[in-house]
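What follows is a single structure, written as structure tokens, with notes after it.
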Amino acid sequence: MTDPLQTLWKKQPKEEFTMSLADIHARAETFQSRIRRRNWREYIAGALVAGYYGWVAVTVDEPLIKAGAALIVLASLFVSWTLYKKGRAAKLDETQDLANFHRAELVRQRDALRSVWTWYLAPFLPGAVVFLAGIAFGPEPDATLAGQVAIFALGAVIIGAVFGGISWLNARAARQLDAEIAALDRVRDRP
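Numbering (our numbering), first residue to last: 1 to 191.
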């Protein structure tokens with residue numbers, strides 16, 4: 001026996017999805033504005049990370065902590081540079097078709113989000129591991145070896161959770177861009 005609500009839902013008329021050129025233009029402008037804001041937040045965060053860990057690298061005497069902090073500074077600079085190369089907001093050329101431009105930008109940003117592990121998270125791993133090892137296994141341990149291993153393991157779990165959360169958020173955003181690309185393709189493919 002079928003559910004009457006389900007039958008009613010299936011029988012309702014389907015509305016055609018439409019998107020005018022003005023809608024595409026508005027979406028493209030909004031999207032590029034969001035990308036610019038996101039990038040500025042990332043650049044500011046990268047500068048704060050580089051500044052803090054640069055200060056740690058200069059002021060702390062423990063060689064492992066110093067090395068880990070220096071690696072984190074390098075990772076922050078690399079990620080900011082890569083974000084500029086992969087994820088900067090593009091400018092519309094007057095000769096470009098707006099729908100094609102917007103679709104290409106959606107695809108470019110989606111691909112950057114999908115590859116976040118390779119260019120955004122992985123560069124921080126060496127520095128994070130070395131820094132964490134310097135903290136857990138420093139020259140003047142206050143804990144037993146088992147305690148030091150526990151400190152290292154807890155730090156690794158926290159780092160893993162943060163990286164996992166960042167990865168999940170980026171994958172979700174990539175899926176949202178996929179949906180936007182599909183909607184734009186449906187509009188562009190309609191006669």
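Beta carbons: idealized from backbone N, C-alpha and C, even for Gly.
All of these numbers come straight from a predicted model, not from anything done at the bench.
If you draw a straight line from the C-alpha of G87 to the C-alpha of A143, how long is it?
One C-alpha to the other measures close to 44 Å.
For L169, count neighbouring C-beta atoms within 10 Å of its own C-beta (all shown protein chains included) and say buried if the count is 16 or more, exposed if not.
Its Cβ having fewer than 16 others within 10 Å, L169 is exposed.
Count the other C-beta atoms from every protein chain shown that fall within 10 angstroms of the C-beta of S80, then say buried if there are 16 or more, exposed otherwise.
So S80 counts as buried.
Report the three-state DSSP secondary structure of T144 (helix, strand or coil).
Correct three-state label for T144: coil.
Could you check what DSSP says for V56 in three-state terms: helix, strand or coil?
Looking at V56 - three-state DSSP - the assignment turns out to be helix.
Evaluate Q176 with the Cβ neighbour count: other Cβ atoms within 10 Å of its Cβ, from every protein chain shown; 16 or more gives buried, anything less gives exposed.
Burial call: exposed.
Do you know offhand how far R108's Cα is from T118's?
For R108 and T118, the distance between alpha carbons rounds to 15 Å.
The alpha helix (DSSP H) spanning K85 covers which residue range?
Note, K85: alpha helix (DSSP H), 63-87.
Using alpha carbons as the reference points, say which of E42, R103, L98 lies closest to S76.
Closest by alpha carbon: E42.
Determine the direct distance from the alpha carbon of A156 to that of A179, and round the result to whole angstroms.
Each residue's Cα considered, the two are about 34 Å apart.
At the level of alpha carbons, what is the spacing between N100 and L83?
Their backbone Cα atoms lie some 22 Å apart in a straight line.
Rounded to whole angstroms, what is the Cα-Cα separation between F124 and Y52?
One C-alpha to the other measures close to 15 Å.
Entirely within the stretch 98-138 and at least 4 residues each: give me those alpha helix (DSSP H) ranges in chain order.
Here the runs fully enclosed are 98-114, 124-136.
Do you know how far the Cα of S167 is from the Cα of L199?
This structure cannot speak to residue 199, because the chain is shown only from 1 to 191.
Of all the CB atoms in chain D, is at least one closer than 8 Å to the CB of L77?
Any reference to chain D falls outside this structure, which holds one protein chain only.
Ordered along the chain, which non-local residues of its own chain (more than five positions away) have a Cβ less than 6 Å from that of A174?
Once the five neighbours on either side are set aside, the close Cβ partners of A174 are R110, L113, R114.
Does the beta-carbon of V58 have 16 or more other beta-carbons within 10 angstroms, so that it is buried, or is it exposed?
Per the 10 Å Cβ criterion, exposed.
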